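Report on the following structure.
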Amino acid sequence: MLARLALLLPALALGYCGQDETATAYGAAGQVWQAQSIDGATFAAGAELRFPEPGQIAGQGPCNSFTARLDAPYPWFEIADLVATRAACPELEAEGVFFAALLAMEQIEVSGAVLILRNEAGHEMLFRAAD
1003 MLARLALLLP ALALGYCGQD ETATAYGAAG QVWQAQSIDG ATFAAGAELR FPEPGQIAGQ
1063 GPCNSFTARL DAPYPWFEIA DLVATRAACP ELEAEGVFFA ALLAMEQIEV SGAVLILRNE
1123 AGHEMLFRAA D
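Using our numbering, read the sequence shown as starting at 1003 and increasing by one per residue.
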């Protein structure tokens, strides 16, 4: 019995390798998430998040689109290699607030049509799934 188990464990481990453990696999994929608030204050400038592929995040700030890697396993949230376009617009200040908040987030929670990003300092971003 132990010999069979010893043979089975490596096969199970190989099956686990490569599986997506990011928010993409836990309900974030397949939605456009629209920013509602940052730290409880309504975010009216307009921004959105998408999770187009495992381990990837993309979106649109008030002015510019962006893409990045999402490395941490759910419920952790860590963005790496963020790349954004560089267009100027009247909402550039709001965009700075959005990106600064986004990069400071450490945890993600997906619950139905609500996505919450937060960090240990008590900051929070609230998103809702677009209709």
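Don't be surprised by glycine CBs; every beta carbon is placed ideally from N, CA and C. Only a predicted model underlies this, so the values are computations on that prediction, with no experimental measurement involved.
Item	Value
State the Cα-Cα distance for the pair TYR1018 and ALA1090, rounded to the nearest angstrom.	Below a pLDDT of 50, predicted positions are generally treated as unreliable, and TYR1018, at 43, falls in that range; the measurement from the model is reported next regardless. Using only the alpha carbons, I get a separation of about 44 Å.
Report the option in ALA1031, ASP1022 and PHE1045 whose CA atom is closest to the CA atom of LEU1104.	PHE1045
Under 6 Å Cβ to Cβ from SER1067, same chain only, skipping five residues before and after it: list those, please.	THR1087
Evaluate GLN1036 with the Cβ neighbour count: other Cβ atoms within 10 Å of its Cβ, from every protein chain shown; 16 or more gives buried, anything less gives exposed.	buried
Using only the alpha-carbon positions, how far apart do GLU1095 and GLN1038 sit?	17 Å
In terms of DSSP beta bridges, what is GLY1061 paired with?	LEU1051 and PHE1068
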